[in-house]
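J.:
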Amino acid sequence: MSTLSTPDKPPVRSWLPTMLLLGAIWGCSFLFISVGVRELHPAYLALGRVIAGSLVLLTILAVKREALPRSPRVWAHNFVAAAIGSAIPWTLFGYGEQRVPSLLAGIWNGITPLVVLPIAVWVFRTERFTLQRVLGLLIGFAGMMVVLGAWQLHGGSDLTGQLFCMAAAVSYGVAIPYQKRFIAGSNLSGTALSATLLICSTVQLAIAAPILTGHAPPAPSSLSLQAIGSVIALGALGSGVAFVLNLRQIRLIGASMTSMVTYIMPIFAIVAGVLVLDEHLTWYQPVGAVIVLAGVAVSQGVVSTVRSRKRPKIAAEPEPAPVP
Numbered sequence: 118m119s120t121l122s123t124p125d126k127p128p129v130r131s132w133l134p135t136m137l138l139l140g141a142i143w144g145c146s147f148l149f150i151s152v153g154v155r156e157l158h159p160a161y162l163a164l165g166r167v168i169a170g171s172l173v174l175l176t177i178l179a180v181k182r183e184a185l186p187r188s189p190r191v192w193a194h195n196f197v198a199a200a201i202g203s204a205i206p207w208t209l210f211g212y213g214e215q216r217v218p219s220l221l222a223g224i225w226n227g228i229t230p231l232v233v234l235p236i237a238v239w240v241f242r243t244e245r246f247t248l249q250r251v252l253g254l255l256i257g258f259a260g261m262m263v264v265l266g267a268w269q270l271h272g273g274s275d276l277t278g279q280l281f282c283m284a285a286a287v288s289y290g291v292a293i294p295y296q297k298r299f300i301a302g303s304n305l306s307g308t309a310l311s312a313t314l315l316i317c318s319t320v321q322l323a324i325a326a327p328i329l330t331g332h333a334p335p336a337p338s339s340l341s342l343q344a345i346g347s348v349i350a351l352g353a354l355g356s357g358v359a360f361v362l363n364l365r366q367i368r369l370i371g372a373s374m375t376s377m378v379t380y381i382m383p384i385f386a387i388v389a390g391v392l393v394l395d396e397h398l399t400w401y402q403p404v405g406a407v408i409v410l411a412g413v414a415v416s417q418g419v420v421s422t423v424r425s426r427k428r429p430k431i432a433a434e435p436e437p438a439p440v441p
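Residues 118 to 441 in the working numbering are what the sequence shown spells out, letter by letter.
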């Protein structure tokens with residue numbers, strides 16, 4: 118398959134379970150960020166996250182006896198993707214969650230597809246506009262506005278925190294089509310590429326964190342078990358296992374459809390924030406979530422798929438094989 122095109126509707130069973138798992142892992146990540154920034158500066162929380170994720174993926178590579186890429190070009194593209202897809206947004210979300218609840222940060226992440234599609238189409242040329250995709254994104258956007266309660270936003274620390282979260286989501290929106298255009302088409306395994314990206318993020322944050330904070334990182338012995346556990350969970354799951362799964366999704370269903378996981382993440386972020394952190398849930402958030410999921414259904418062709426099953430078929434067409 119060419120890296121400049123998107124595969125034609127892979128079977129739902131090949132990507133939906135993975136998308137739900139990614140939604141759960143990344144949705145709950147906002148809870149761990151909220152706990153971590155209580156004791157760690159956002160930059161050092163992000164640094165601990167990429168270190169933990171790198172160790173997990175390097176261990177997997179060692180067990181599988183796989184090597185890191187040797188091509189300078191692969192490393193260069195991963196260095197860019199590491200900055201815009203890891204180092205910058207993870208630090209920004211940390212800043213944001215110092216000011217807003219974790220469930221609100223998770224909800225803001227849902228604007229990512231609104232950035233992904235136009236960039237994928239006009240800049241990287243890895244996707245194509247269709248009326249159904251645009252309609253789905255508009256429905257999803259309307260749902261996000263309802264979830265956020267856009268009619269009652271106000272200034273101050275709350276607005277600043279939301280702007281940090283919005284900037285982080287925009288950074289994700291640029292990173293996803295960049296990975297599709299320059300990284301996902303590689304013959305290297307997703308584990309090797311993800312490990313390369315996290316190593317690059319580690320270098321970037323190891324340089325940036327002391328500059329941003331003006332001091333050395335705190336000793337692990339000075340941190341609570343909750344903070345240490347949050348760093349490990351963010352790294353091992355959110356930055357380790359999830360990275361491999363996400364790259365598989367980009368290869369399989371394209372950047373725009375992969376970014377739809379950000380419409381599912383807010384559901385898990387809200388549930389985790391309410392049940393674990395006792396954060397407040399308002400009436401319009403679940404209502405907006407239903408609208409968001411409707412947008413997901415339209416964007417990913419679920420509605421058209423249901424209709425097509427009702428029509429008689431002259432000849433069965435073979436399903437496209439999943440991309441390895």
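Built from N, CA and C at the ideal position, the CB exists for glycine as well.
(1) How close, in whole Å, do the beta carbons of residue 409 and residue 264 come, if the pair is a contact with beta carbons under 8 Å?
(2) Whole alpha helix (DSSP H) runs in the stretch 196 to 278 with 4 or more residues, listed along the chain?
(3) Can you give me the Cβ contacts of residue 354 inside the same chain, cut-off strictly under 6 Å, excluding the 5 residues immediately before and after it?
(4) Let me make sure I understand the geometry here. Which of 347, 232 and 303 has the alpha-carbon closest to that of residue 156?
(5) Look at the alpha carbon of residue 178 and the alpha carbon of residue 184, and state the distance between them as a whole number of angstroms.
(6) Please classify residue 438 as buried or exposed, where buried requires at least 16 other C-beta atoms within 10 Å of its C-beta.
(7) Do residue 162 and residue 381 have their CB atoms nearer than 8 Å?
(8) Kindly say whether residue 220, judged by its beta-carbon, lies nearer than 8 Å to any beta-carbon of chain B.
(9) Leaving aside the five residues before and after residue 227 along the sequence, list all residues of the same chain whose C-beta is less than 6 Å from its C-beta, in chain order.
(10) What is the DSSP secondary structure of residue 303, reduced to helix, strand or coil?
(11) Going by DSSP, what residue range makes up the alpha helix (DSSP H) through residue 347?
(12) With distances taken Cα to Cα, identify the nearest neighbour of residue 201 among 233, 174, 255 and 362.
(13) For residue 297, count neighbouring C-beta atoms within 10 Å of its own C-beta (all shown protein chains included) and say buried if the count is 16 or more, exposed if not.
(14) As a quick exercise: from 396, 350, 356 and 238, pick the residue whose alpha carbon is nearest that of residue 371.
(15) Put residue 294 into one of helix, strand or coil per three-state DSSP.
(16) Distance, Cα to Cα, residue 140 vs residue 159?
(17) Under three-state DSSP, which class holds residue 399?
(18) Please state whether DSSP places residue 374 in a helix, a strand or coil.
(19) When you compare the stretch 290 to 308 with the stretch 190 to 204, are there three or more beta-carbon pairs, one atom per stretch, that lie closer than 8 Å?
(20) For residue 394, name the three-state secondary structure that DSSP assigns.
T.: According to the structure shown:
(1) 7 Å
(2) 205 to 214, 219 to 225, 229 to 239 and 248 to 265
(3) 142
(4) 347
(5) 7 Å
(6) Note that residue 438 has pLDDT 29, beneath the 50 cutoff, so the model's placement of it is unreliable and no number is given.
(7) no
(8) Checking the listed chains, one finds no chain B in this structure; it contains a single protein chain.
(9) 261, 379, 380 and 383
(10) coil
(11) 342 to 350
(12) 233
(13) buried
(14) 238
(15) helix
(16) 22 Å
(17) coil
(18) helix
(19) yes
(20) helix
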